[in-house]
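Q: So for the sequence shown, the working numbering puts the first residue at 265; every next one is plus one.
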Amino acid sequence: MIAVRFAPSPTGRLHVGNVRLALVNWLFARRHGGSFLLRLDDTDLERSREEYADGIVEDMRWLGLEWDRFARESDRMERYGDAVARLKAAGRLYPCYETAEELSLRRKSLVSRGLPPVYDRAALRLDEAGRRRLEAEGRRPHWRFLLEHGEIAWDDLVRGPQRFSGGDLSDPVLVREDGRPLYTLTSVVDDADLAITHVIRGEDHVANTAVQIQLWQALGVPVPGFAHLPLLADASGQGLSKRLGSLSVASLREDGIEPMALASLLAKLGTSDPVEPRASLDALAAEFDLSKVSRATAKFDPAELERLNARLIHAMSFEDAAPRLAAVGVGAGADAAFWEAVRPNLSRMSDALDWWQVARAPIRPVIEDAGFAAEAARLLPPEPWSEETWGAWTAAVKEATGRKGKALFLPLRLALTGREHGPELRNLLPLVGRERAAARLAGETA
Ligand code: GLU
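Printed below as a string of structure tokens:
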């Protein structure tokens with residue numbers, strides 16, 4: 265059974281870059297009848313915060329990315345302790361005493377000599393007396409994983425065949441000085457315990473994968489499959505990191521972006537499929553295929569998201585729109601006719617509230633020719649009104665005043681709505697009603 269996970273660190277809110285990976289994992293699971301795990305990587309106690317964990321849960325739910333399983337690394341410390349003990353027993357973890365400053369100096373000196381900044385394994389050459397001397401100075405060890413110096417290879421589902429040489433990589437630190445395990449280890453222990461079959465993440469993790477493959481092997485557990493997606497860039501090809509604040513899921517939601525507009529865009533970015541609005545995640549899952557993801561950087565354009573949002577709303581059924589209308593404050597009287605009337609004029613769901621207020625709340629009419637408006641008011645037919653009313657009424661006004669085209673329709677629109685443009689009046693007029701229409705034509709705020 266296929267099992268994937270999305271593993272954010274609760275050190276900030278989700279943004280378009282990381283939520284895209286959540287979505288891709290979710291779609292992959294749905295497409296293949298597999299399970300989707302949400303795992304909070306919260307072992308970094310200094311930077312993890314409960315409010316961010318809550319925010320991640322809220323953002324995932326808003327997008328409809330429900331999880332089949334949930335885990336937090338902070339609940340699983342014992343498991344990491346077991347793995348550390350096994351790696352020590354197998355001679356694959358060794359204590360190191362260098363300070364961050366010493367390591368940084370060593371790296372600089374290697375780089376200045378044109379050498380790769382790979383850890384030189386100096387700590388391996390320490391003998392028992394040497395270690396005791398350093399500990400007597402008050403140093404506590406951090407622990408590195410002893411990499412094997414052979415080839416590390418995997419067939420990446422997005423990047424194709426990948427090859428690394430263990431000798432080109434630094435032995436990674438798995439346990440900090442204070443005894444806390446680090447991501448490189450915890451992630452592998454979790455993926456193994458939770459039987460993850462495919463690790464789908466950003467290409468910033470490619471080098472981690474090389475190292476982690478040896479960890480899976482050292483722990484004697486099956487190595488999963490991998491897919492590393494190119495990161496998102498802005499329209500000019502620059503990384504998104506500087507703008508991520510404004511591209512957080514929370515700010516897009518507050519800004520009136522529909523969850524399915526965001527999902528429709530993120531599911532197709534950087535793939536060979538065209539971006540089209542889709543009404544449900546299941547529709548996106550049916551079209552999803554990792555082999556369509558290109559290796560090239562995917563470009564995220566907020567203007568494209570805006571256009572998609574408008575198109576999604578224009579195509580939305582009244583049934584789907586009704587709860588959203590209520591959520592933006594449109595009154596319960598808004599029916600399918602109202603939705604049909606205003607839908608083509610919306611780029612945000614909240615725009616519907618403006619038109620609802622034009623229909624039902626007092627507005628200040630714009631009257632340029634009071635005589636014409638009075639004549640039009642006199643000709644308003646008796647209620648009940650329907651979509652036929654507008655045609656019958658304007659025909660009568662045309663007949664009586666001799667006006668036609670824009671000279672007929674624009675003053676009526678300005679009087680009835682206070683605006684030059686807007687939804688079809690044949691749909692809007694019955695919602696305004698006779699009493700309010702007559703008052704507005706008389707120049708009253710009504
Ligand atoms: N917590 C890691 C991150 O946010 C997870 C990476 C992974 O998917 O393994 O980068």
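Glycine is no exception: its CB is placed at the ideal position from the N, C-alpha and C atoms. On a predicted model such as this, the values are computed, not experimentally measured, just so you know.
Compare the Cα-Cα distances from Lys-352 to each of Asp-519, Arg-698, Trp-407 and Ala-623 and report the closest residue.
A: Taking the sequence shown and counting its residues from 1, the one referred to as residue 352 is at position 88. Looking at the Cα atoms, Trp-407 is the closest of the given residues.
Q: Could you tell me the boundaries of the alpha helix (DSSP H) in which His-578 lies?
A: Position 314 of the sequence shown, counting from 1, holds the residue named residue 578. Run containing His-578: 566-578, per the alpha helix (DSSP H) assignment.
Q: Any heavy atom of the ligand GLU closer than 7 Å to the CB of Asp-565?
A: Counted from its first residue, the sequence shown places residue 565 at position 301. No, the Cβ of Asp-565 stays beyond 7 Å of every heavy atom of the ligand GLU.
Q: Among Ser-505, Glu-412, Asp-454 and Met-613, whose alpha-carbon lies nearest the alpha-carbon of Phe-564?
A: Counting from 1 along the sequence shown, the entry for residue 564 is found at position 300. Ranking Ser-505, Glu-412, Asp-454 and Met-613 by Cα distance to Phe-564 puts Ser-505 first.
Q: Just the Cα atoms here: how many angstroms apart are Arg-284 and Val-268?
A: Here residue 284 refers to the residue found at position 20 when the sequence shown is read from its first residue. Here residue 268 refers to the residue found at position 4 when the sequence shown is read from its first residue. If I take the Cα positions, the gap works out to 14 Å.
Q: Taking buried to mean at least 16 other C-beta atoms within 10 Å of its own C-beta, is His-685 buried or exposed?
A: Position 421 of the sequence shown holds residue 685. Classification of His-685: exposed, given that the 10 Å Cβ count is below 16.
Q: Taking Glu-342 and Asp-306 to be in contact with their CB atoms under 8 Å, please state how far apart those CB atoms are, rounded to whole angstroms.
A: Start at 1 with the first residue of the sequence shown, and residue 342 comes out as number 78. Start at 1 with the first residue of the sequence shown, and residue 306 comes out as number 42. Their Cβ separation, rounded to whole angstroms, is 15 Å, which puts Glu-342 and Asp-306 out of contact at 8 Å.
Q: Exposed or buried, what is Glu-699 when buried is set at 16 or more other beta-carbons lying within 10 Å of its beta-carbon?
A: The sequence position of residue 699 within the sequence shown is 435, counting from 1. Glu-699 is exposed by the Cβ-count criterion.
Q: Please report the straight-line C-alpha distance between Asp-618 and Leu-446, rounded to a whole angstrom.
A: To locate residue 618, count along the sequence shown from 1; it is residue 354. To locate residue 446, count along the sequence shown from 1; it is residue 182. The straight-line gap from Cα to Cα measures roughly 52 Å.
Q: State yes or no: is the C-beta of Pro-587 nearer than 7 Å to some heavy atom of the ligand GLU?
A: The residue given as residue 587 occupies position 323 in the sequence shown. No, Cβ of Pro-587 sits at least 7 Å from all heavy atoms of the ligand GLU.
Q: Between the stretch 320-340 and the stretch 462-480, do at least 3 Cβ pairs fall closer than 8 Å?
A: Not touching, per the Cβ criterion.
Q: For Gly-430, name the three-state secondary structure that DSSP assigns.
A: Here the question's residue 430 lines up with position 166 in the sequence shown. Reduced to three states, the DSSP call for Gly-430 is helix.
Q: Return the first residue and the last residue of the alpha helix (DSSP H) that Asp-420 is part of.
A: Translated into positions along the sequence shown, residue 420 becomes position 156. It is not in any alpha helix (DSSP H) - Asp-420 instead sits in the beta strand (DSSP E) that spans 415-420.
Q: For Pro-425, write down the residues that DSSP places opposite it in a beta bridge.
A: For the purposes of this step, residue 425 is taken as residue 161 along the sequence shown, with counting starting at 1. Answer by DSSP bridge pairing, in chain order: Asp-419.
Q: Please tell me whether, using a cut-off of 7 Å, the distance from the CB of Ser-451 to the nearest non-hydrogen atom of the ligand GLU is below it.
A: Start at 1 with the first residue of the sequence shown, and residue 451 comes out as number 187. Result yes, Cβ under 7 Å from the ligand GLU.
Q: Identify which residue in Ala-417, Val-439 and Pro-436 has its Cα closest to the Cα of Ser-429.
A: Numbered from 1 along the sequence shown, position 165 holds the residue referred to as residue 429. Answer by Cα proximity: Ala-417.
Q: For Val-463, is the beta carbon positioned less than 7 Å from some heavy atom of the ligand GLU?
A: Indexing the sequence shown from 1 puts residue 463 at position 199. Distances between the C-beta of Val-463 and the heavy atoms of the ligand GLU include at least one below 7 Å.
Q: In terms of alpha-carbon separation, which member of Asp-346, Arg-350, Leu-390 and Ser-376 lies closest to Glu-362?
A: Position 98 of the sequence shown, counting from 1, holds the residue named residue 362. Ranking the options by Cα distance to Glu-362, first place goes to Leu-390.
Q: Can you tell me whether Arg-356 is buried or exposed? The criterion is at least 16 other CB atoms within 10 Å of its CB, across all chains shown.
A: Indexing the sequence shown from 1 puts residue 356 at position 92. The residue in question, Arg-356, is buried, as its Cβ has 16 or more Cβ neighbours within 10 Å.
Q: Output yes or no for whether 8 Å exceeds the beta carbon distance between Gly-489 and Leu-421.
A: Start at 1 with the first residue of the sequence shown, and residue 489 comes out as number 225. Start at 1 with the first residue of the sequence shown, and residue 421 comes out as number 157. Their beta carbons are under 8 Å apart, which means Gly-489 touches Leu-421 by this criterion.
Q: From the DSSP output, which residues share a beta bridge with Val-661?
A: Counting from 1 along the sequence shown, the entry for residue 661 is found at position 397. BP columns for Val-661 are empty, so no partner.
Q: Under three-state DSSP, which class holds Arg-612?
A: Position 348 of the sequence shown, counted from the start, is the residue given in the question as residue 612. Reduced to three states, the DSSP call for Arg-612 is coil.
Q: Under 8 Å, do Ala-562 and Gly-595 count as touching if we go by C-beta distance?
A: Numbered from 1 along the sequence shown, position 298 holds the residue referred to as residue 562. Numbered from 1 along the sequence shown, position 331 holds the residue referred to as residue 595. Not a contact, by the Cβ cut-off of 8 Å.
Q: Would you say Phe-602 lies against chain D (beta-carbon separation less than 8 Å)?
A: Among the chains in the structure shown there is no chain D, since it carries only a single protein chain.
Q: Leu-438 to Gly-431, Cα distance in whole Å?
A: Working through the sequence shown from its first residue, we reach residue 438 at position 174. Working through the sequence shown from its first residue, we reach residue 431 at position 167. Computed Cα separation, rounded: 18 Å.
Q: State the start and end residues of the unbroken alpha helix (DSSP H) segment that holds Val-453.
A: As a first step, residue 453 must be located in the sequence shown, where it is residue number 189. Residues 447-457.
Q: Tell me whether Lys-532 is buried or exposed, calling it buried when 16 or more other Cβ atoms sit within 10 Å of its Cβ.
A: To locate residue 532, count along the sequence shown from 1; it is residue 268. A buried status is given to Lys-532, since no fewer than 16 other beta-carbon atoms sit within 10 Å of its beta-carbon.
Q: Can you tell me which residues form a DSSP beta bridge with Pro-359?
A: Within the sequence shown, numbered from 1, the residue matching residue 359 stands at position 95. Pro-359 pairs with Trp-407.
Q: When you compare only the Cα positions, how much space is there between Pro-494 and Leu-529?
A: In the sequence shown, residue 494 corresponds to position 230, counting from 1. In the sequence shown, residue 529 corresponds to position 265, counting from 1. Whole-angstrom Cα-Cα distance: 15 Å.
Q: What do you reckon, is the C-beta of Ala-456 under 7 Å from a heavy atom of the ligand GLU?
A: As a working mapping, residue 456 is identified with position 192 in the sequence shown. For the ligand GLU, not one heavy atom lies less than 7 Å from the Cβ of Ala-456.
Q: Whole angstroms is fine: what's the gap from Leu-572's alpha carbon to Arg-440's?
A: By 1-based counting over the sequence shown, the position of residue 572 is 308. By 1-based counting over the sequence shown, the position of residue 440 is 176. Going from the Cα of Leu-572 to the Cα of Arg-440 covers about 46 Å.
Q: Would you say His-462 and Ile-266 are within 8 Å of each other, going by their C-beta atoms?
A: On the sequence shown, residue 462 is found 198 positions in, with the first residue counted as 1. On the sequence shown, residue 266 is found 2 positions in, with the first residue counted as 1. In contact: His-462 and Ile-266 (Cβ atoms closer than 8 Å).
Q: Do Ala-525 and Leu-589 count as a contact pair if the criterion is CB distance below 8 Å?
A: As a position in the sequence shown, residue 589 is number 325, starting the count at 1. As a position in the sequence shown, residue 525 is number 261, starting the count at 1. In this structure, Ala-525 does not lie closer than 8 Å to Leu-589 by Cβ.
Q: Could you pull the start and end residues of the beta strand (DSSP E) that Phe-334 belongs to?
A: On the sequence shown, position 70 is the one that residue 334 refers to. First-last of the beta strand (DSSP E) with Phe-334: 333-336.
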